[in-house]
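Worksheet for the structure shown next.
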Ligand code: FES
Ligand code: FES
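Chains as they are written, first to last, in the working numbering: chain A, 1 to 289; chain B, 290 to 446.
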């Protein structure tokens with residue numbers, strides 16, 4: 001249970017960090033809060049030759065609101081985001097999601113960006129970013145590019161981030177009238193979800209104008225549910241059959257069987273969660289304009 | 290593997306050491322400094338036995354490298370009681386409410402609750418109870434610990 005040997009760097013500036021990443025490429029692993037990476041090292045599931053610790057990079061911390069949305073520096077800890085008035089006001093759904101991430105003690109170090117870049121399929125941050133179609137800012141010595149979260153998750157624990165790139169910021173731009181929520185079922189509080197769902201609904205009068213749904217724990221990556229989203233789009237809320245939507249949404253998943261839950265259990269949990277979450281969001285009253 | 294010089298404060302004492310990069314803060318405290326009050330349970334972030342305070346925040350010392358604690362202020366269970374041996378209010382509450390049996394999980398739990406009840410903090414009973422989900426106790430069934438939490442949050446008698 002001890003990590004394998006590695007060389008450690010703690011660059012003082014972003015430029016320095018990016019040139020180290022350019023130099024070491026796939027031998028290096030950026031270290032953010034370490035709440036997933038360090039267990040993976042201890043269990044020898046990951047053996048990078050070099051760790052590049054981002055802890056001195058203050059330019060990667062902080063939360064800012066502007067006309068278009070909420071920008072979170074990738075090294076913002078989950079605890080910092082939970083304590084932020086700006087997040088609570090602009091995106092309360094993110095607080096609901098962050099309360100489900102690990103424990104009080106791991107949220108003190110775990111970061112939003114670290115979690116999104118790892119892409120653990122049963123984690124809350126990646127599914128939240130996917131459902132909200134967050135813009136992810138990737139930097140390297142070659143320059144900066146923005147990629148949408150919908151393009152980011154390419155396979156099990158693999159993402160569109162190149163080896164020399166660093167996730168530096170996450171930008172959420174929810175519609176003002178969006179109803180955003182998360183539900184999950186886990187064996188114990190703080191455990192990874194056996195099944196979970198993030199929903200982002202835009203309501204127009206008695207209809208759903210736009211819907212995005214992202215599953216967690218229901219496949220080898222965080223997953224959108226396009227067939228259910230298509231059925232929800234334009235649907236009349238009064239006549240909506242949530243059980244039918246749940247079947248469509250489950251059809252978009254590819255759950256795995258492991259020692260924690262069978263496929264059938266995960267699907268049953270998914271059904272329950274989806275009807276509960278969408279039922280709750282659709283029952284919310286629109287804010288009076 | 291790289292080695293690093295670090296200087297940090299542990300329970301108010303300044304300490305300078307050279308550590309290999311992969312040494313966890315947990316192993317550093319226990320093996321390099323002999324502070325074995327911080328317990329090593331799972332060593333991969335699941336049990337909470339290794340919880341210490343780093344710059345006032347409760348963290349798992351098995352999920353942090355000693356080199357990352359360079360320049361930090363670390364508090365461990367050894368620094369919690371008063372110099373004359375009288376117990377800290379969290380320790381006293383755990384003692385009075387049978388919040389421990391074998392004591393393996395206890396140092397971690399005390400550090401978490403200490404961080405939440407320090408001057409200027411006003412964690413509610415429910416917040417403290419939720420933070421306990423980060424600790425596994427195999428003995429008590431948690432009821433005594435929850436009673437201590439009631440007392441610390443001003444709800445108990
Ligand atoms: S030893 Fe650190 S959480 Fe178990
Ligand atoms: S008192 Fe024995 S594990 Fe908690």
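Built from N, CA and C at the ideal position, the CB exists for glycine as well.
Inter-residue Cα distance where the pair is residue i and residue j
| i | j | result |
| --- | --- | --- |
| residue 118 (chain A) | residue 327 (chain B) | 29 Å |
| residue 46 (chain A) | residue 89 (chain A) | 38 Å |
| residue 169 (chain A) | residue 153 (chain A) | 16 Å |
| residue 38 (chain A) | residue 14 (chain A) | 22 Å |
| residue 307 (chain B) | residue 397 (chain B) | 26 Å |
| residue 107 (chain A) | residue 79 (chain A) | 5 Å |
| residue 307 (chain A) | residue 91 (chain A) | Because chain A here runs from 1 to 289, residue 307 (chain A) falls outside it and cannot be looked at. |
| residue 416 (chain B) | residue 254 (chain A) | 35 Å |
| residue 289 (chain A) | residue 178 (chain A) | Residue placement at residue 289 (chain A) is poorly supported in this model, since its pLDDT is 40, which falls under 50; the coordinates still yield a value, given next. If you take the alpha carbons of residue 289 (chain A) and residue 178 (chain A), they lie about 14 Å apart. |
| residue 403 (chain B) | residue 25 (chain A) | 42 Å |
| residue 32 (chain A) | residue 409 (chain B) | 28 Å |
| residue 220 (chain A) | residue 149 (chain A) | 16 Å |
| residue 317 (chain B) | residue 249 (chain A) | 48 Å |
| residue 294 (chain B) | residue 9 (chain A) | 13 Å |
| residue 443 (chain B) | residue 104 (chain A) | 21 Å |
| residue 243 (chain A) | residue 120 (chain A) | 28 Å |
| residue 260 (chain A) | residue 419 (chain B) | 23 Å |
| residue 321 (chain B) | residue 157 (chain A) | 35 Å |
| residue 172 (chain A) | residue 211 (chain A) | 16 Å |
| residue 11 (chain A) | residue 363 (chain B) | 22 Å |
| residue 67 (chain A) | residue 140 (chain A) | 27 Å |
| residue 122 (chain A) | residue 109 (chain A) | 19 Å |
| residue 277 (chain A) | residue 296 (chain B) | 49 Å |
| residue 84 (chain A) | residue 207 (chain A) | 33 Å |
| residue 131 (chain A) | residue 304 (chain B) | 47 Å |
| residue 439 (chain B) | residue 319 (chain B) | 32 Å |
| residue 233 (chain A) | residue 209 (chain A) | 6 Å |
| residue 393 (chain B) | residue 329 (chain B) | 9 Å |
| residue 19 (chain A) | residue 162 (chain A) | 14 Å |
Extent of the continuous beta strand (DSSP E) run through residue i
| i | result |
| --- | --- |
| residue 29 (chain A) | 28-31 |
| residue 200 (chain A) | 195-204 |
| residue 362 (chain B) | 362-364 |
| residue 219 (chain A) | Here residue 219 (chain A) belongs to no beta strand (DSSP E), and DSSP marks it neither H nor E. |
| residue 298 (chain B) | 292-299 |
| residue 172 (chain A) | 166-172 |
| residue 5 (chain A) | Taken as a continuous stretch (DSSP letters only), residue 5 (chain A) belongs to no beta strand (DSSP E), as it is neither H nor E. |
| residue 83 (chain A) | That residue, residue 83 (chain A), is in no beta strand (DSSP E); its alpha helix (DSSP H) goes 78-83. |
| residue 139 (chain A) | 135-140 |
| residue 53 (chain A) | 50-53 |
| residue 176 (chain A) | Looking at the DSSP string, residue 176 (chain A) is not in any beta strand (DSSP E), and its letter there is neither H nor E. |
Cβ separation of residue i and residue j, assumed to be a contact under 8 Å, to the nearest whole Å
| i | j | result |
| --- | --- | --- |
| residue 355 (chain B) | residue 313 (chain B) | 7 Å |
| residue 223 (chain A) | residue 231 (chain A) | The pair is not a contact, with the Cβ atoms about 16 Å apart (cut-off 8 Å). |
| residue 166 (chain A) | residue 30 (chain A) | 6 Å |
| residue 48 (chain A) | residue 16 (chain A) | About 18 Å separates the two Cβ atoms, so there is no contact after all. |
| residue 111 (chain A) | residue 75 (chain A) | 5 Å |
| residue 290 (chain A) | residue 282 (chain A) | Since the first and last residues shown for chain A are 1 and 289, residue 290 (chain A) lies out of range. |
| residue 365 (chain B) | residue 343 (chain B) | That belief does not hold up - the Cβ atoms of residue 365 (chain B) and residue 343 (chain B) are roughly 10 Å apart, past 8 Å. |
| residue 296 (chain A) | residue 21 (chain A) | Since the first residue shown for chain A is 1 and the last is 289, residue 296 (chain A) is missing from the structure and cannot be characterised. |
Residue i: first and last residue of the uninterrupted alpha helix (DSSP H) it sits in
| i | result |
| --- | --- |
| residue 272 (chain A) | 263-283 |
| residue 155 (chain A) | Looking at the DSSP string, residue 155 (chain A) is not in any alpha helix (DSSP H); the run it does join, the beta strand (DSSP E), is 153-155. |
| residue 434 (chain B) | 432-441 |
| residue 65 (chain A) | No alpha helix (DSSP H) contains residue 65 (chain A), which is instead part of the beta strand (DSSP E) from 63-66. |
| residue 107 (chain A) | 104-107 |
| residue 114 (chain A) | 112-118 |
| residue 227 (chain A) | 226-232 |
| residue 396 (chain B) | 395-406 |
| residue 305 (chain B) | Where residue 305 (chain B) is concerned, there is no enclosing alpha helix (DSSP H), although the beta strand (DSSP E) it sits in stretches over 302-309. |
| residue 379 (chain B) | 378-385 |
| residue 421 (chain B) | No alpha helix (DSSP H) contains residue 421 (chain B), which DSSP labels as neither H nor E. |
Task: Residues surrounding ligand 2 [beta-carbon distance to nearest heavy atom under 7 Å] - done: With the cut-off at 7 Å, the residues found are B:389, B:390, B:391, B:392, B:393, B:394, B:395, B:426, B:427, B:428, B:429.
Task: Check your reading: residues with Cβ closer than 6 Å to ligand 1 heavy atoms - done: B:329, B:330, B:331, B:332, B:334, B:335, B:336, B:337, B:338, B:339, B:349, B:351
- [ ] Would you check if the region 112-130 of chain A and the region 176-196 of chain A touch, i.e. whether three or more CB-CB distances between them fall below 8 Å?
- [x] yes
Task: Inter-stretch contact (C-beta, 8 Å, three-pair minimum) for the region 197-209 of chain A and the region 290-307 of chain B - done: no
Open item on the list: With three or more beta-carbon pairs closer than 8 Å as the criterion, would you say the region 372-392 of chain B touches the region 338-353 of chain B?
Closed with: Look at the beta carbons and you see the region 372-392 of chain B not touching the region 338-353 of chain B: under three pairs across the two are nearer than 8 Å.
- [ ] Say whether the region 254-269 of chain A touches the region 235-243 of chain A, bearing in mind that this needs 3 or more beta-carbon pairs closer than 8 Å, one atom from each stretch.
- [x] no
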